[in-house]
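Residue numbers (this note's numbering): 1086 to 1516.
Glycine included, C-beta positions come from ideal geometry on N, C-alpha and C.
Computed from a predicted structure; not experimentally measured.
Structure first, then comments.
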RNA sequence: GUGGUUGUAGCUCAGUGGUAGAGCACUGGAUUGUGGUUCCAGUGGUCGCGGGUUCAAGCCCCGUCAGCCACCCCA
């Protein structure tokens, strides 16, 4: 093998693609029912967009972006979907067109991290964004939607984590307080956290290092420093979640690594350990300042989440295999291939899926293949059939076959499919 | 980016420095034109790649690439 897929990126072949299609279809259905419309934004944006919105000191921007220079433009292949969607929202002046916009997207994202279980350099996210509604009901509804989504995919063992880091002023104040708290004990922290002390003290809180856990014990809690408004927002959100019956845990250590978040943060984690250290299936929160930050004349609150599709697929039952063709056309000699082609075309025009075996192999080999593909009907065209202007139609499930004139073969095939197909009609809802 | 671990047939894997293997899959036959089972046979290998040690390397050593796992971070 000379050329391989680049590290951390992989092919999704047809047998696996059916699972992706089912997942995406379910996502679209549920999310559209909740009022979201699809947005498709460019996969490449100016580097500045991500640097400004995600934050210069975050790992995503600092070391994980695929960035390149094209003539005078500094460009980046998107590492996440929120910044680009927000940019599109502002650029297209949606705030002037409608008070509230609900958007969703599905597509690939790119981060140059070291690959691991549930983590790839090209990965796929499906996410939603709401612009223009700052009320906590909106947050509660979105979190509920997230739980509904993963349940629809067949995920059972998960827990929703919720936190608030307050609006911009609160967040900065909390950050300073944490720095003040941790600085005197900096020697007792892990090496990573000593670095975090300077770049992002919030992150020390969700460190896995026992030294940091110990040191965090007496640290000030976000919930204690929230402004009255922020606290009321969180309290209302919690009340709504209770009314909706969404189980969740209030997790004061939930921080998240993107700088744009304000107030509500949430994450949905799998609890089975199937994903190793990458236990977050989906994460999101509020980013009430981004729209102004992007130059919008009027401030617009915003809220969003993104779900990792590879991760969801990794913890989701496989579902049904890719369906085989309804008809499998098996010409037994070269002279039969032309009529078989024509018959195949006629069948497809009547809506019957069919596949032609042009390999020139034995009938046995062709039937074996038809059977392996779970075709419903095999259409046999050999010497005898050709002489009489007929075909043999074989029902592979019932082990019955009949002869029919070529001219009526399509009708006979339709009738046979209709009579034998009832059992195979049900399709599973799970991805 | 750091550490660990694994790379042998399409897949899953055995292989103790001395002839490259099994099961599954695929193809053919037993069955001059019928799927499954069974039986028989066959195709398929730069042993990830590159160096080194040795009379001799899939096996030992070094490097490199890739997968996986953990850390960092995140979906």
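One alpha carbon belongs to residue 1210, the other to residue 1259, and they sit about 31 Å apart.
Taken atom to atom, the span from the alpha-carbon of residue 1265 to that of residue 1248 is near 22 Å.
Counting C-beta atoms within 10 angstroms of its own C-beta, residue 1449 has fewer than 16 neighbours from the protein chains shown and is therefore classed as exposed. C-alpha of residue 1379 to C-alpha of residue 1405: approximately 45 Å in a straight line. In the three-state reduction of the DSSP assignment, residue 1139 falls in the helix class. Ranked by how close their Cα comes to the Cα of residue 1314, the residues 1255, 1283, 1343 and 1227 have 1255 in first place. Contact between residue 1340 and residue 1291 holds, since their C-beta atoms are separated by about 5 Å, short of 8 Å. 1355 is the residue among 1355, 1370 and 1369 whose C-alpha sits nearest the C-alpha of residue 1363. Around residue 1415, the same chain offers 1442, 1451, 1463 and 1465 as residues with beta carbons nearer than 6 Å, after the five sequence neighbours per side are excluded. Looking at the backbone, the Cα of residue 1429 and that of residue 1422 are separated by about 10 Å. Just measuring C-alpha positions, the residue of 1461, 1331 and 1483 sitting nearest residue 1235 is 1331.
According to the DSSP assignment, residue 1212 belongs to the beta strand (DSSP E) that extends over 1207 to 1216. Annotation: the continuous beta strand (DSSP E) that includes residue 1354 extends over 1347 to 1355. With a contact defined as Cβ atoms closer than 8 Å, residue 1175 and residue 1389 miss out at about 15 Å.
Just so you know, the alpha carbons of residue 1342 and residue 1144 end up roughly 8 Å apart. Annotation for residue 1317: no residue places its beta carbon closer than 6 Å to its own, counting only its chain and skipping 5 residues before and after. No residue range can be given for residue 1417, since it is assigned to no beta strand (DSSP E) and is classified by DSSP as neither H nor E. About 18 Å separates the beta carbon of residue 1185 from that of residue 1229, a gap too long to meet the 8 Å contact definition. The beta carbon of residue 1410 sits closer than 6 Å to those of 1438, 1439, 1440 and 1460, all from its chain and outside the five residues before and after it, given in chain order. Going by beta carbons, residue 1197 and residue 1206 fall inside the 8 Å limit.
With a 10 Å radius around the Cβ and a threshold of 16 neighbouring Cβ atoms, residue 1177 comes out exposed. Excluding its 5 nearest sequence neighbours in each direction, residue 1377 has C-beta neighbours in its own chain below 6 Å: 1384, listed in chain order.
When DSSP states are grouped into helix, strand and coil, residue 1486 belongs to the strand group. Sequence-distant Cβ neighbours of residue 1325 in its own chain, meaning closer than 7 Å and more than five residues away, are 1221, 1222 and 1225.
The three-state secondary structure of residue 1456, taken from DSSP, is helix.
In the DSSP secondary-structure assignment, residue 1248 is bridged to 1350. Cβ-Cβ separation between residue 1478 and residue 1501: approximately 6 Å, consistent with a contact (criterion under 8 Å). Relative to residue 1304, the option among 1147, 1337 and 1118 whose CA is nearest is 1337. Buried is the label assigned to residue 1489, since at least 16 other Cβ atoms lie within 10 Å of its Cβ.
The count of Cβ pairs closer than 8 Å, one atom from the stretch 1274 to 1282 and one from the stretch 1150 to 1163, stays below three, leaving the stretches out of contact. When the Cα atoms are used, residue 1454 and residue 1426 turn out to be separated by approximately 18 Å.
Contact check for residue 1131 and residue 1157: beta-carbon distance about 11 Å, past the 8 Å limit, so the pair fails to qualify. Proximity to residue 1399 across 1240, 1179 and 1374 peaks at 1240, based on C-alpha coordinates. Looking at the DSSP output, residue 1475 bridges to 1490. In this structure the stretch 1123 to 1130 touches the stretch 1161 to 1175; the number of beta carbon pairs closer than 8 Å is three or more. It is roughly 27 Å from the alpha-carbon of residue 1148 to the alpha-carbon of residue 1358.
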